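What follows is a set of notes on a single structure, which appears directly below.
Chains as they are written, first to last, in our numbering: chain A, 1 to 309; chain B, 1 to 604.
Next comes the structure, spelled out in structure tokens:
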């Protein structure tokens, strides 16, 4: 890796930190600007109790002061504070608990989507206009156009209610199978189509024809030249795919009652649980920023011709 | 090429397989009985003192044992019976009017870690729950106990005046607990069965996170918590140390934590869960006909109503009315508008969960001292119960009468009113509330009154409604205990739940209310007083009243006052809809919505 690349990566990391800081700042102030508060409830507590609770959690301080205290705690102590609603629990514990499930869900869905998408796309390209290509194209078109909440509900009705093959509850044994399938179908279909068109493009290039003319074996042409080069657009899709999986899991977790971070995220907003809103937002933002960074760096690794500047 | 393809496929299958075996435990319940249910999502807390939710209360009722508990008697009637106490004694009235109760604990009471339960544990728990340090939502449930007012007395800056104040409750010895109330309270035994009155042990709760982990959650009830996968499932198993352990039939209860009603139905249909506490509104009709034996509707002490902002001027421009006359006219108009809604249509065609059309604000299920329904004796009208007749046959007459009343104030062109100011109806985002809002809008549009609809997200909505930034709003209230006062004391001027804004803003100076309590033996007679002079005084009198019969009559007077303002327009009394498997016997729920599984049996 040359110094230019190093410089690029360093610059990107600094930019990522800046992005996360902007997310923290905007979320913090928008969240406090929204009406209502963590201690608002249908049955109102007495004003004295409300004031005392606010003092207990430092919500009575000026907003700027709260903001700087929060930043300081995050940066110096990595302290996300206690949840205001789930009394006795720390935000970091809630996030860790949720992430265990969400990460499993997301990583498996991403791997399945990437592997099966690339394989199917390559097969379709190599068998262009044959029956298998047509079947793959029809199915992927369907999956690409179907939103995850419809797909989820369909799979739930079919496998969990009618056939009794899999549980409808994400917390049960085998409960993650349906959510994983639901979550992976869209990116899988997208990657399939991307790989197919990119591979067809590469297969028509001069250097492939040259290789063929030189008498290089078919396997070597496909794996040594065609596949590697046709993966470049696919890799650029990994960043957005992760973003899709993270946000998509908010919906999927709800449909299948998966105890993931998406549930905590949505609920924290309804509850105005300020520290939990901040915590989950930061974690999700960091995740997306990192994945975009990795995807950009991978881009360079796969194709050295690309100038990162 | 093919080999590599095959390898890739095999890898994918392996990954899928790995996914299949995630997050499971071996399911070896053996001969033990077990039940899986889903009430709601992760409870905010299951600390008995801090909990304020119905699902949390259900869990706590299984985990803890207070002086009293709810039970179903041989006839299926719900009763309050002694639990940790030997008996629910009568109070002794002291010279100053306070009432002292002395309870003796049963022998052999143990915590789930084997230590003895003592009267001091109760004393500690009560002091803690009512304390200024804990700031529990339901701390006010101790307001009947002597000393509570001293704890919560604040100065003008909102600071606590008596930091050392305590409740008048003492453990006289290991087994004797003495508590003194400000005055006799008819629902005292019911309070003893309320989670906030359950004991906790000082060394256990010293750890602030004690109630979030099974290893630190020491309880004294029929069950112990043996597992809590956050956001996923809470597992309770029979507590061998519980004094009545031999009477508990269900060995293990799994409370799955989800609030998605569609997911609940899927799990119920495929037999995974035996009870679900919520069903999607748009599937109610189908489920009711598909599962007639499983679909249940239970009573709940609560009222769904529409509330007006009393400071919203609804008189036509140039009416010329001011002061008392204007307020009386507005009250008459609001009451008339309340009669334009067909409550039978709302419950039968819109909400469809067996709700009961409401003709009063204090909900069905609240009883008078003689056991009769409070709402049936409300309003003192001949021929029907409540403040107006909700019989389907009476709707047309009500409607016509209302139109006649409105004609006194607004121009009517033979079909429609032409100068009624535009109203805004505020509700919280939900399909169910929206459907009702649209019906109300349509009913008013029929006679020329325009009402725009506005929905807000829950927390924002609560904030807007509390601060009085609305003209008309959806509202609802569910009782915490079986006493009408919890529907009435919320409307005092200073109450945090006074959404109507009685006695606030312009209404603070409106002096048009009368209160005459001389016939009840009180030296109170106010003519043309403000809300603070009348209603607030009345509620204070009720709270200090020791004669139960008089107290209930005064509560009827309070509801009369409230209903005369027309600011509260009750639509229906709530019900609790749930689904329970046919294979389950021995289940019951109480009027507050707590569900009891300890005496359940599940057949295959």
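In this text, a Cβ means the ideal position worked out from N, Cα and C, and glycines have one as well. Just so it is clear, the structure is predicted and the values come from calculations on it, not from any experiment.
Closer than 8 Å, CB to CB, is residue i near chain B or not?
i, result
"residue 270(A)", "yes"
"residue 164(A)", "yes"
"residue 168(A)", "yes"
"residue 12(A)", "no"
"residue 42(A)", "yes"
"residue 187(A)", "no"
"residue 45(A)", "yes"
"residue 158(A)", "no"
"residue 53(A)", "yes"
"residue 81(A)", "no"
"residue 103(A)", "no"
"residue 316(A)", "There is no way to answer for residue 316(A), as the model of chain A reaches only from 1 to 309."
Under a Cβ-count criterion, where at least 16 other Cβ atoms within 10 Å of its own Cβ denotes burial, should residue i be classed as buried or exposed?
i, result
"residue 51(B)", "buried"
"residue 262(A)", "buried"
"residue 28(B)", "For residue 28(B), the pLDDT reaches just 43, beneath the cut-off of 50, and the residue's location in the model is therefore unreliable, leaving the point undetermined."
"residue 340(B)", "buried"
"residue 207(A)", "exposed"
"residue 65(A)", "exposed"
"residue 215(A)", "exposed"
"residue 230(B)", "buried"
"residue 68(A)", "exposed"
"residue 220(A)", "exposed"
Should residue i be flagged as near chain A, meaning a C-beta pair shorter than 8 Å?
i, result
"residue 269(B)", "yes"
"residue 427(B)", "no"
"residue 355(B)", "no"
"residue 607(B)", "Nothing about residue 607(B) can be read from this structure; chain B reaches only from 1 to 604."
"residue 431(B)", "no"
"residue 180(B)", "no"
"residue 454(B)", "no"
"residue 158(B)", "yes"
"residue 252(B)", "no"
"residue 462(B)", "yes"
"residue 228(B)", "no"
"residue 594(B)", "no"
"residue 459(B)", "yes"
"residue 434(B)", "no"
"residue 261(B)", "no"
"residue 565(B)", "no"
Compute every distance between the C-beta of residue i and the non-hydrogen atoms of the ligand MG, then say whether any falls below 7 Å.
i, result
"residue 147(A)", "In terms of ligand content, the structure shown is empty, and the ligand MG therefore cannot be addressed."
Counting only Cβ pairs nearer than 7 Å, list the residues of chain C close to residue i.
i, result
"residue 4(A)", "Any reference to chain C falls outside this structure, whose protein chains are A and B."
Under 9 Å (Cβ pairs) to chain B, residues found in the region 205–222 of chain A
218, 219, 222
Any beta strand (DSSP E) of 3 or more consecutive residues that is wholly inside the region 243–318 of chain B
252–256, 295–308
Report yes or no: do three or more beta-carbon pairs, one from the region 248–261 of chain A and one from the region 148–157 of chain A, lie closer than 8 Å?
yes
Segments of 4+ residues assigned as alpha helix (DSSP H) that fall wholly inside the region 220–292 of chain A
Runs found: 227–230, 232–255, 261–271.
Output the residue ranges of the alpha helix (DSSP H) runs that lie fully inside the region 125–210 of chain A and measure 4 residues or longer, sorted by chain position.
131–145, 148–155, 177–203
Chain A contacts made by the region 534–549 of chain B, where a contact means CB separation under 8 Å
none
Do three or more CB pairs link the region 387–394 of chain B to the region 517–530 of chain B at distances below 8 Å?
no
With 8 Å as the limit, tell me which residues of the region 280–308 of chain A have their beta carbon closer than that to any beta carbon of chain B; keep them in chain order.
none
May I ask you to list, following chain order, the residues of the region 197–215 of chain B that have a beta carbon less than 8 Å from some beta carbon of chain A?
208, 209, 210, 211, 212
Pairing CB atoms from the region 287–294 of chain A with CB atoms from the region 242–250 of chain A, are three or more of them under 8 Å?
Look at the beta carbons and you see the region 287–294 of chain A touching the region 242–250 of chain A: at least three pairs across the two are nearer than 8 Å.
Would you list, in chain order, the members of the region 246–264 of chain A that have their beta-carbon closer than 8 Å to a beta-carbon of chain B?
Listed by position along the chain: 254, 255, 256, 257, 259, 260, 263, 264.
Which runs of the beta strand (DSSP E), 3 residues or longer, sit entirely within the region 518–587 of chain B?
525–529, 568–580
Is it a yes or a no for the region 481–498 of chain B touching the region 542–561 of chain B, going by three-plus beta-carbon pairs under 8 Å?
Three or more beta-carbon pairs separated by less than 8 Å link the region 481–498 of chain B to the region 542–561 of chain B, which places the two stretches in contact.
Validate contact between the region 250–265 of chain B and the region 30–41 of chain B using beta carbons, cut 8 Å, 3 pairs
yes
Taking three-plus beta-carbon pairs below 8 Å as touching, is the region 70–77 of chain B in contact with the region 204–211 of chain B?
Between the region 70–77 of chain B and the region 204–211 of chain B there are fewer than three inter-stretch CB-CB distances shorter than 8 Å, so the stretches are not counted as touching.
Tell me which residues of the region 126–146 of chain A have at least one Cβ-Cβ distance to chain B shorter than 7 Å, keeping chain order.
none
Residues of the region 475–499 of chain B in Cβ contact with chain A at a cutoff of 7 Å, in chain order, please.
496, 497
Scan the region 387–435 of chain B and note each continuous alpha helix (DSSP H) run of 4 residues or more that stays entirely inside, going in chain order.
395–407
Select from the region 191–204 of chain A all residues with a C-beta closer than 7 Å to any C-beta belonging to chain B, and list them in chain order.
none
Can you give, in chain order, each stretch of the alpha helix (DSSP H) that sits fully within the region 449–527 of chain B and has at least 4 residues?
Listed in chain order, the complete alpha helix (DSSP H) runs (minimum 4 residues) inside the region 449–527 of chain B are 458–466, 485–488.
So does the region 193–206 of chain A actually touch the region 164–173 of chain A, counting three or more Cβ pairs closer than 8 Å?
no
Taking Cβ-Cβ distances below 7 Å as the criterion, which residues of the region 326–341 of chain B are in contact with chain A?
none
When you check each C-beta in the region 13–41 of chain A against every C-beta of chain B, which residues fall closer than 8 Å?
Residues of the region 13–41 of chain A that bring their beta carbon within less than 8 Å of a beta carbon in chain B comprise 34, 35, 36, 37, 40, 41, in sequence order.
Cβ-based contacts, 8 Å cut-off: residues of the region 128–158 of chain B near chain A:
132, 135, 137, 139, 140, 152, 154, 158
Note down, in chain order, all residues in the region 44–65 of chain B with a beta-carbon under 8 Å from any beta-carbon belonging to chain A.
44, 45, 47, 50, 52
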